[in-house]
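Colleague: Protein chains in written order, with the working numbering: chain A, 53 to 290; chain B, 53 to 290.
Provided herewith is a single structure, encoded as structure tokens, for subsequent inquiry.
There are 2 protein chains.
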Amino acid sequence: MHVGEPLAESFQSEVRKLDIFSAMEESYFDDLMRAAYVQNFPPHVELITEGDISDFLHIVLVGTVELFSTWNNRETSMAMVRPVSTFILAATIREAPYLMSARTLEKSRIALIPSQDVRRVFGQDAAFARAIVGELANCYRAVVKNTKDLKLRSSLERLANYLLREQRRQAGAPQFDLPFEKRRLASFLGMTPENLSRAFKGLQPYGVVVDGSRMTITDQADLESFAKPSPLIDDHRA
Amino acid sequence: MHVGEPLAESFQSEVRKLDIFSAMEESYFDDLMRAAYVQNFPPHVELITEGDISDFLHIVLVGTVELFSTWNNRETSMAMVRPVSTFILAATIREAPYLMSARTLEKSRIALIPSQDVRRVFGQDAAFARAIVGELANCYRAVVKNTKDLKLRSSLERLANYLLREQRRQAGAPQFDLPFEKRRLASFLGMTPENLSRAFKGLQPYGVVVDGSRMTITDQADLESFAKPSPLIDDHRA
DNA sequence: TGCACAGATTGACAATTATCAAGCCAAAAT
DNA sequence: ATTTTGGCTTGATAATTGTCAATCTGTGCA
């Protein structure tokens, strides 16, 4: 096991703001933070491997982490995790093997809290327990939405709705940048990079202009009437 | 709101055995059971509609319930719920709108526990809270596995692995029956009924014999070597 | 400056999957 | 017993998506 440094004060306050930690007792929070370590990772480092047993709850402090899965020499991107949020909470709780692998996409700073401490404090602090339940329910709902997206929409529709979500996640302005490579976006959306290229072209008639990773929505209403976004699929808070 | 009958003793003991209720205090369990009602439903009744606000935790006592979702005049089957298990736990916990609709497939007996009671007892009984967390983590992991199945496998591979899972869920014998209509299976597996028909034919060379809903696996090893089942996708306990 | 490399794009083609229109079959209704 | 109904199957065809090979493009590095 690599040894990292203790979690600096500055990050602690960030972590404290997470839904999952915000309501818990000070003393238990300190407890967890004492057990936690922080490590810096270069890009393209595999942090966890699916099938391994969960030993740490991970928190992305800086950078981006990709969750992905493999089967039979195929690989698919399952989610992107951005600061500040946790990942693989479910495996931690269940003491079960990871279902997904994780790798850094850029230089990243990750906090690691030993799973056993999470489970112990879960039993001691009711507010923490409640927060974890809320978080898990949220994660569950996010994956269900993702499944609906995959099964109910064509690739063109998935891309259109992804663009609208990403636009909203950023400022909401008509111009924004894709937050990672197109090949990963393709994999996340369940298509090949070649098809993603064609899908971008297919959205031109609806007012989508692509220049590298720079997106411009020239006709918001037109794109929305094509994409037909639904809060029950695309609203990642509800 | 329809009024049902109180939860009979015989069903209470069944419900008590569910992971989610098995470890909780007697008194709190009784509490929940007093608030619960049971209703019988004919086949093809829509129990809940996506978008509605969650007001009851549902438990299937007898029969089969299909969870499905719709978007833009399309519909897809998300899961089948069989006795004895709960559904829409996450929406209940979050007081959030349902992401899926539910309908009975056959004559079914459903227990309904008011969501507010579930949330109240959740705050009072630590064992119940822990069980709910475990259950949610499980549900989350089930959906992640489903996503991997969808994104990493072709329709033929999905069908092959479904057959192996279903075989195992039943006795494990080389002969078994599909537990619901093929058209629903098709939708659940993310394909059209026509394609499912062809997929069954495509599995003949691997020792799958189909007669109506009766399946016979004549060459277990052959089918498995084609399907390449993985515990990280197909094992619905781990 | 220019080379090397990885990602992105394009075109030609193949595989997969969906759609449409019959027809088939078995269970339910009359 | 006959009719009706709904689900299943089949064939023909179309749409979508994937594969392969080649080219382009920008970035980083020698």
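Glycine included, every Cβ here is placed at the ideal spot set by N, Cα and C.
Suppose the cutoff is 8 Å on Cβ atoms and the five residues either side in sequence are ignored; what does the same chain contact list for residue 102 (chain B) look like?
Modeller: Along the second sequence, read from residue 1 onward, the residue named residue 102 (chain B) stands at position 50. Closer than 8 Å at Cβ, skipping near neighbours: 121, 122, 149, 150, 151, 152, 153.
Colleague: Under the DSSP definition of a beta bridge, which residues are partnered with residue 164 (chain A)?
Modeller: As a first step, residue 164 (chain A) is located in the first sequence; it is residue number 112 there, counting from the start. In the DSSP output, where bridge partners are listed per residue, residue 164 (chain A) has A:89, A:110.
Colleague: Mind pulling the alpha helix (DSSP H) runs of 4 or more residues that sit fully within the stretch 146 to 228 of chain B?
Modeller: 167 to 176, 178 to 204, 207 to 221
Colleague: Spell out a yes or no on whether the stretch 174 to 190 of chain B and the stretch 228 to 246 of chain B are touching, meaning 3 or more CB-CB pairs, one atom from each, closer than 8 Å.
Modeller: No, because fewer than three Cβ pairs between the stretch 174 to 190 of chain B and the stretch 228 to 246 of chain B fall closer than 8 Å, the two stretches do not touch.
Colleague: Does the beta carbon of residue 197 (chain B) sit closer than 8 Å to a beta carbon anywhere in chain A?
Modeller: The residue given as residue 197 (chain B) occupies position 145 in the second sequence. Closer than 8 Å to the CB of residue 197 (chain B) there is at least one CB belonging to chain A.
Colleague: Is the beta carbon of residue 112 (chain A) less than 8 Å from the beta carbon of residue 133 (chain A)?
Modeller: By 1-based counting over the first sequence, the position of residue 112 (chain A) is 60. By 1-based counting over the first sequence, the position of residue 133 (chain A) is 81. A contact, by the Cβ cut-off of 8 Å.
Colleague: Counting C-beta neighbours from all protein chains within 10 Å, is the total for residue 159 (chain A) 16 or more, i.e. buried, or is it exposed?
Modeller: Translated into the one-based positions of the first sequence, residue 159 (chain A) becomes position 107. It is exposed - the Cβ of residue 159 (chain A) has fewer than 16 other Cβ atoms within 10 Å.
Colleague: What are the boundary residues of the alpha helix (DSSP H) that residue 274 (chain B) is part of?
Modeller: The count along the second sequence starts at 1 and reaches residue 274 (chain B) at position 222. Element bounds for residue 274 (chain B): 272 to 279.
Colleague: Look up residue 231 (chain A) in the DSSP assignment and say whether it is helix, strand or coil.
Modeller: Position 179 of the first sequence holds residue 231 (chain A). Reduced to three states, the DSSP call for residue 231 (chain A) is coil.
Colleague: Throw me the rounded Cβ distance for the residue 156 (chain B) and residue 99 (chain B) pair, which I believe falls under 8 Å.
Modeller: As a first step, residue 156 (chain B) must be located in the second sequence, where it is residue number 104. As a first step, residue 99 (chain B) must be located in the second sequence, where it is residue number 47. About 7 Å separates the two Cβ atoms, so the contact holds.
Colleague: Compare the beta carbon distance of residue 108 (chain B) and residue 166 (chain B) with 8 Å and say whether it is the shorter of the two.
Modeller: Indexing the second sequence from 1 puts residue 108 (chain B) at position 56. Indexing the second sequence from 1 puts residue 166 (chain B) at position 114. It is a contact, given that the beta carbons lie within the stated cut-off.
Colleague: Using a 10 Å radius around the Cβ and a threshold of 16 neighbouring Cβ atoms, would you call residue 162 (chain A) buried or exposed?
Modeller: Within the first sequence, the letter at position 110 stands for residue 162 (chain A). Residue 162 (chain A) is buried by the Cβ-count criterion.
Colleague: Please say whether residue 205 (chain A) and residue 213 (chain A) have beta carbons closer to each other than 8 Å?
Modeller: On the first sequence, position 161 is the one that residue 213 (chain A) refers to. On the first sequence, position 153 is the one that residue 205 (chain A) refers to. Taking 8 Å as the Cβ cut-off, residue 213 (chain A) and residue 205 (chain A) qualify as a contacting pair.
Colleague: At least one CB of chain A closer than 8 Å to the CB of residue 192 (chain B): is that the case?
Modeller: For the purposes of this step, residue 192 (chain B) is taken as residue 140 along the second sequence, with counting starting at 1. It does: the Cβ of residue 192 (chain B) has a partner Cβ on chain A nearer than 8 Å.
Colleague: So with Cβ pairs under 8 Å, would you call residue 251 (chain A) a contact of chain B?
Modeller: By 1-based counting over the first sequence, the position of residue 251 (chain A) is 199. It does not; no Cβ of chain B falls within 8 Å.
Colleague: Could you check which residue in B:260, B:254, B:135, B:286 has the C-alpha nearest to that of residue 195 (chain B)?
Modeller: Looking up residue 195 (chain B) in the second sequence gives position 143. Checked all of B:260, B:254, B:135, B:286; the closest Cα to residue 195 (chain B) is B:286.
Colleague: For residue 91 (chain A), collect the residues of the same chain with a Cβ closer than 6 Å to its Cβ; drop the 5 residues on either side in sequence, then sort them by chain order.
Modeller: The count along the first sequence starts at 1 and reaches residue 91 (chain A) at position 39. Counting only Cβ-Cβ distances below 6 Å, and skipping sequence neighbours, we find 56, 162.
Colleague: Could you tell me whether the Cβ atoms of residue 138 (chain B) and residue 239 (chain B) are closer together than 8 Å?
Modeller: Taking the second sequence and counting its residues from 1, one reaches residue 138 (chain B) at position 86. Taking the second sequence and counting its residues from 1, one reaches residue 239 (chain B) at position 187. Annotated as distal: residue 138 (chain B) and residue 239 (chain B), with beta-carbon spacing of 8 Å or more.
Colleague: Starting from the Cα of residue 170 (chain A), find the closest Cα among A:250, A:260, A:192, A:86 and give me that residue.
Modeller: Along the first sequence, read from residue 1 onward, the residue named residue 170 (chain A) stands at position 118. It is A:86.
Colleague: Helix, strand or coil for residue 117 (chain B), going by three-state DSSP, please let me know.
Modeller: Against the second sequence, residue 117 (chain B) aligns to sequence position 65. DSSP places residue 117 (chain B) in strand when its eight states are reduced to three.
Colleague: Buried or exposed for residue 321 (chain A), please, with buried defined as at least 16 other CB atoms from any protein chain shown within 10 angstroms of its CB.
Modeller: For chain A, the structure presents residues 53 to 290; residue 321 (chain A) sits outside this window and is missing.
Colleague: Does the stretch 258 to 272 of chain B touch the stretch 212 to 228 of chain B, meaning 3 or more C-beta pairs lie closer than 8 Å?
Modeller: yes
Colleague: Identify the contact partners of residue 95 (chain A) in chain B, using a Cβ-Cβ distance below 8 Å as the criterion.
Modeller: For the purposes of this step, residue 95 (chain A) is taken as residue 43 along the first sequence, with counting starting at 1. Per Cβ cutoff of 8 Å: no residues; residue 95 (chain A) is ~24 Å from chain B at best.
Colleague: Going by the CB atoms, is the gap between residue 230 (chain A) and residue 211 (chain A) shorter than 8 Å?
Modeller: Here residue 211 (chain A) corresponds to residue number 159 of the first sequence, with the count starting at 1. Here residue 230 (chain A) corresponds to residue number 178 of the first sequence, with the count starting at 1. No, Cβ-Cβ distance for residue 211 (chain A) and residue 230 (chain A) is not below 8 Å.
Colleague: Go ahead and label residue 190 (chain A) buried or exposed: buried means 16 or more other beta carbons lie within 10 angstroms of its beta carbon, across all protein chains shown.
Modeller: Within the first sequence, residue 190 (chain A) is the residue found at index 138, counting from 1. By the 10 Å Cβ count, residue 190 (chain A) comes out buried.
Colleague: When the distance is taken between beta carbons, is residue 71 (chain B) closer than 8 Å to residue 183 (chain B)?
Modeller: Here residue 183 (chain B) refers to the residue found at position 131 of the second sequence. Here residue 71 (chain B) refers to the residue found at position 19 of the second sequence. Closer than 8 Å, so yes.
Colleague: Within the continuous alpha helix (DSSP H) that includes residue 137 (chain A), where are the two ends?
Modeller: As a working note, residue 137 (chain A) is residue 85 in the first sequence. No alpha helix (DSSP H) contains residue 137 (chain A), which is instead part of the beta strand (DSSP E) from 137 to 139.
Colleague: With residue 207 (chain B) and residue 251 (chain B) assumed to form a contact (beta carbons below 8 Å), what rounded beta-carbon distance in angstroms separates them?
Modeller: Counting from 1 along the second sequence, the entry for residue 207 (chain B) is found at position 155. Counting from 1 along the second sequence, the entry for residue 251 (chain B) is found at position 199. Right, the Cβ-Cβ distance comes to about 6 Å (below 8 Å), so this counts as a contact.
Colleague: With distances taken from CA atoms, which of B:236, B:141, B:88, B:76 is nearest residue 60 (chain B)?
Modeller: For this step, residue 60 (chain B) is matched to residue 8 along the second sequence. Measuring from the Cα of residue 60 (chain B), the nearest candidate turns out to be B:88.
Colleague: Answer yes or no: does any C-beta atom of chain A fall closer than 8 Å to that of residue 202 (chain B)?
Modeller: Here the question's residue 202 (chain B) lines up with position 150 in the second sequence. Yes, residue 202 (chain B) lies at the interface with chain A (some Cβ there is under 8 Å from its Cβ).
Colleague: What distance in whole Å lies between the Cβ atoms of residue 209 (chain A) and residue 131 (chain A), which are believed to be in contact at a cut-off of 8 Å?
Modeller: By one-based count along the first sequence, residue 131 (chain A) stands at place 79. By one-based count along the first sequence, residue 209 (chain A) stands at place 157. Between residue 131 (chain A) and residue 209 (chain A) a beta carbon distance of about 20 Å is seen, past the 8 Å cut, so the two are scored as non-contacting.
Colleague: Let me know if residue 62 (chain A) comes out buried or exposed under the rule of 16 or more other beta-carbons within 10 Å of its beta-carbon.
Modeller: Taking the first residue of the first sequence as position 1, residue 62 (chain A) is located at position 10. That one is exposed.
Colleague: Identify the residues that DSSP records as bridge partners of residue 285 (chain B): which are they?
Modeller: For the purposes of this step, residue 285 (chain B) is taken as the residue at position 233 of the second sequence. DSSP, once it has assigned bridges, lists no residue as partnering residue 285 (chain B).
Colleague: Is the beta carbon of residue 259 (chain A) less than 8 Å from the beta carbon of residue 271 (chain A)?
Modeller: Counting from one through the first sequence, the residue named residue 259 (chain A) turns up at place 207. Counting from one through the first sequence, the residue named residue 271 (chain A) turns up at place 219. In contact: residue 259 (chain A) and residue 271 (chain A) (Cβ atoms closer than 8 Å).
Colleague: Comparing C-alpha positions only, which one of B:222, B:76, B:249, B:227 sits nearest to residue 322 (chain B)?
Modeller: With chain B represented from 53 up to 290, any question about residue 322 (chain B) goes unanswered, as that position is not in the structure.
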